[in-house]
Amino acid sequence: MASFDPLDPQSVPPEFTKESTDWLAIFNPRVPRQMDVQLAARFVHDGVICSVKFSADGSLLAVGSDGVVLLYDLVNGAKITCPFESAECDSRSKPNHVRAVTISPDGTLLVAGTEDNLIRVFSIVSFNMTHIHTLAAHTSEVYALSFSASGSILASASGDRTIKIWSIVRDGDETKVVKKYNLQHSLSQSDSNAGFASDSDSVDGSKIAFTSVAIDSSERYVVAGSLDGIVRVWDLSVSQVPPTHNNDGESLSSNVTPSLHLKGHTDSIYGVLFISTSSYSADFGIVSASLDRTLKVWDVRTEGRGEGECVKTLIGHKDSILALSCTSSGRELRLASGSRDGSVRVWDLRKGEPMFGVVGHRDTVTMASCSLLGAEIVKYAYGDIRYFEVLYGPTSDSHCMALLPRPWRKTLVQAWK
Numbered sequence: 008m009a010s011f012d013p014l015d016p017q018s019v020p021p022e023f024t025k026e027s028t029d030w031l032a033i034f035n036p037r038v039p040r041q042m043d044v045q046l047a048a049r050f051v052h053d054g055v056i057c058s059v060k061f062s063a064d065g066s067l068l069a070v071g072s073d074g075v076v077l078l079y080d081l082v083n084g085a086k087i088t089c090p091f092e093s094a095e096c097d098s099r100s101k102p103n104h105v106r107a108v109t110i111s112p113d114g115t116l117l118v119a120g121t122e123d124n125l126i127r128v129f130s131i132v133s134f135n136m137t138h139i140h141t142l143a144a145h146t147s148e149v150y151a152l153s154f155s156a157s158g159s160i161l162a163s164a165s166g167d168r169t170i171k172i173w174s175i176v177r178d179g180d181e182t183k184v185v186k187k188y189n190l191q192h193s194l195s196q197s198d199s200n201a202g203f204a205s206d207s208d209s210v211d212g213s214k215i216a217f218t219s220v221a222i223d224s225s226e227r228y229v230v231a232g233s234l235d236g237i238v239r240v241w242d243l244s245v246s247q248v249p250p251t252h253n254n255d256g257e258s259l260s261s262n263v264t265p266s267l268h269l270k271g272h273t274d275s276i277y278g279v280l281f282i283s284t285s286s287y288s289a290d291f292g293i294v295s296a297s298l299d300r301t302l303k304v305w306d307v308r309t310e311g312r313g314e315g316e317c318v319k320t321l322i323g324h325k326d327s328i329l330a331l332s333c334t335s336s337g338r339e340l341r342l343a344s345g346s347r348d349g350s351v352r353v354w355d356l357r358k359g360e361p362m363f364g365v366v367g368h369r370d371t372v373t374m375a376s377c378s379l380l381g382a383e384i385v386k387y388a389y390g391d392i393r394y395f396e397v398l399y400g401p402t403s404d405s406h407c408m409a410l411l412p413r414p415w416r417k418t419l420v421q422a423w424k
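Just so we're on the same page, the working numbering is the position in the sequence shown counted from 1, plus 7.
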């Protein structure tokens, strides 16, 4: 028997919907409606949009396209376009999509991961971008990037079945990026029987390309999602071999295998993140998003050999979930998920309820991320980026969001074909 979907447009009363020409907002009738959604701006692009990311303060928006990174100042609408050469300079007819972008917490660095296996680091000074480093450590496409909360560590996830951990070293005006750890999957017997992958799939590693990565607030744990449907957690403090360095200061990085495997999804995982947990028996929480159309919330204990338990499964999307992000304010914990069904849903994670959804009349939503201000959502297709404001409060009054940097709004960005 199919479960009831509170965001089903066929059953939601009209007063809980808001429709425009090519998007529809649906609000959960079971949740007191203290929000509204409105289109604030549009950014038009000729090329494919592959990735987006807000800065931590919500003032900047980074966009990854084909061979170019764009940076928007959301306060005054200014834009920087920063093209770069592909590693295959003699073959620019081949696309070099920017699969991942991220901005350091202090807003001074933008990092882009591309299909030519490289990671490019740009400095941001007075809304000017300068290319300062190219990191060539991966042997396949770079699919995901994540900064730690302090900005001192960067994680990169790749189709080469590794996670690289980079140390960001500031020396006056100079920024150095040094590889510190090489996180690998393990091919233990427990792995070969895990998830939905067959023994042969796991043993040869063909389904263990990493698609998503996150670093916890203590900078000790790293979580990653992969094509084999398993969530892997690494404890960087238990590395048996300390990293060594060559004469140029580059780390010869020690290899670390996962300390924990979380199994429960039945298809590939395309989003992972750390969250705080209200459980007294757990050290932290993890959320994962999968092609199996579900989101799973895990409580993780690190004592002894470590263990994880799935405490919630969120359902409602009609197709694969390709994007995931989260934001919090006080005890409120909001999760944004983007799906191939053309929608993004914003969830109250404590209650396990969807608060509202934004549905496109066409196309897939393949990227979602949240900042302290809210969430941005982008669809991987040719088209324009639409920048939405989500207004909160019984009458959308500003005082209702007093704990947020911009207390009167959260934001959504969505790109449509």
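Where a beta carbon is used, it is the ideal one built from N, C-alpha and C, also for glycine.
Residues sharing a beta bridge with residue i, DSSP
i	result
residue 217	233
residue 262	189
residue 77	70, 88
residue 25	32
residue 239	231, 268
residue 296	278, 302
residue 183	176
residue 11	None, per the DSSP bridge assignment.
residue 330	345
residue 307	291, 315
residue 19	BP columns for residue 19 are empty, so no partner.
Same chain, Cβ closer than 6 Å to residue i, five either side skipped, listed in chain order
i	result
residue 226	155, 160
residue 70	59, 77
residue 143	125
residue 1	Missing from the structure shown is residue 1; the chain here goes from 8 to 424 and no further.
residue 317	271, 303, 305
residue 152	107, 109, 118, 120, 163
Cβ-based burial, residue i [other Cβ within 10 Å; buried from 16]
i	result
residue 13	buried
residue 341	buried
residue 15	exposed
residue 110	buried
residue 11	exposed
residue 396	buried
residue 27	exposed
residue 35	buried
residue 300	buried
residue 325	exposed
residue 262	exposed
residue 132	exposed
residue 85	exposed
residue 196	Its pLDDT being 35, under 50, residue 196 is placed unreliably in this model, and the value from its coordinates should be taken loosely. Burial call: exposed.
residue 348	buried
residue 20	exposed
residue 179	exposed
residue 223	buried
residue 245	exposed
residue 343	buried
residue 352	buried
residue 283	exposed
Residues near residue i in its chain [Cβ-Cβ closer than 8 Å; skip 5 each side]
i	result
residue 146	124, 165, 167
residue 23	33, 34, 35, 36, 40
residue 44	25, 32, 363, 365, 395, 396, 397, 398, 419
residue 279	219, 220, 221, 230, 231, 232, 238, 293, 294, 295, 296, 331
residue 75	54, 88, 89, 90, 91, 105
residue 141	125, 126, 127, 128
residue 277	218, 219, 232, 296, 297, 298, 327, 328, 329, 330, 331
For residue i, the first and last residue of its enclosing beta strand (DSSP E)
i	result
residue 361	360-367
residue 342	339-346
residue 45	42-55
residue 350	350-355
residue 270	267-270
residue 105	105-110
residue 318	314-321
residue 59	58-61
Cβ neighbours of residue i in the same chain (closer than 7 Å, five flanking residues each side left out)
i	result
residue 47	394, 395, 396
residue 359	319, 321
residue 98	Caution is warranted here: a pLDDT of 47 is assigned to residue 98, below 50, making its placement in the model unreliable, and the coordinate value is therefore given only provisionally. Nothing listed; no residue qualifies.
residue 57	71, 72, 104, 105, 106, 387
Closer than 8 Å: residue i CB and nearest the ligand ATP heavy atom
i	result
residue 334	The ligand content of the structure shown is nil, which means the ligand ATP is not present either.
Self-check item: Ordered list of beta strand (DSSP E) runs contained in the segment 120-173, each at least 3 residues
Solution: For the segment 120-173, whole beta strand (DSSP E) runs of length 3 or above, ordered along the chain, are 126-132, 135-142, 149-154, 160-165.
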